[in-house]
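Residue 127 in this note's numbering sits at position 133 of the sequence shown, and the numbers go up by one each step.
A virtual CB, placed ideally from N, CA and C, is assigned to each residue, including glycine.
Remember, it's a predicted structure, so these values are computed and weren't measured experimentally.
Take a look at the structure set out below.
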Amino acid sequence: HKINYRANLVALQMVGATRVVALNTVGGITERFGPTVLALPDQLIDYTWGRISTLSEEPGTEVLHVDFGDPYTPELRAQILAAAQRAQVAMVDGGCYGATQGPRLETKAEIARMRRDGCDLVGMTGMPEAGLARELGLDYACLGIVANWAAGAGPDPDEVITLDDVLANVAAATEAVSRLLVGMLHA
């Protein structure tokens, strides 16, 4: 929740990056997104607050009104899906990422609201990064690594989320993520 998203993205742009594939550890809210699933969301709802979310923050800077209807670049998403297919990496295409404030995990009531809002995934780092990337003209996509069921969302609604479980699920998905990214670099 304290990441300097602006500095990270500006630094990437300064070294010549034009595409950003964000690896986000997320919680699964709906049935398609259980632990260890790799997800490629196509929509986003921002529940964060108090984060600097634009490059137009300082007095005198140009205000940038960017189209954000599709928060993830469709062409980059298509490239990721093609790379996943070539690398034989299973991936769920589509879904809505709900970005929350953190660092604490969400309550069952918050997750129930997010489900009603249409969210499939929940994470803390998806915003403002996606919006800032758009302001900078960077192609941007989120590769969500589902680390756990969100509070109350899994088969056992009373399951307690532990760091050990989260780390084990992320480790289980890491090999597939590596194959996918190598496949993208060699496409």
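Look at the alpha carbon of GLY89 and the alpha carbon of TYR41, and state the distance between them as a whole number of angstroms. Taking the CA atoms as reference points, GLY89 sits about 16 Å from TYR41.
Where the alpha helix (DSSP H) through ALA124 begins and ends: Element bounds for ALA124: 123 to 130.
Please check the pair ASP61 and LEU75, which I expect to be a contact at CB under 8 Å, by giving their CB distance rounded to whole angstroms. The C-beta distance from ASP61 to LEU75 rounds to 22 Å, too long to fall under 8 Å, and the pair is not in contact.
Do ARG0 and ASP133 count as a contact pair if the criterion is CB distance below 7 Å? Not closer than 7 Å, so no.
For VAL30 versus ALA162, is the C-beta distance shorter than 7 Å? The sequence given here places Thr at residue 30; Val does not occur at that position. No. Outside cutoff.
Secondary structure, alpha helix (DSSP H): runs of 4+ residues fully inside the region 43 to 123: Listed in chain order, they are 68 to 80 and 102 to 111.
Under 7 Å between the Cβ atoms of SER50 and LEU38? Against a cut-off of 7 Å, the Cβ pair of LEU38 and SER50 comes out as no contact.
Length of the line joining the Cα atoms of ALA33 and GLY125: Looking at the two C-alpha atoms, the distance is approximately 19 Å.
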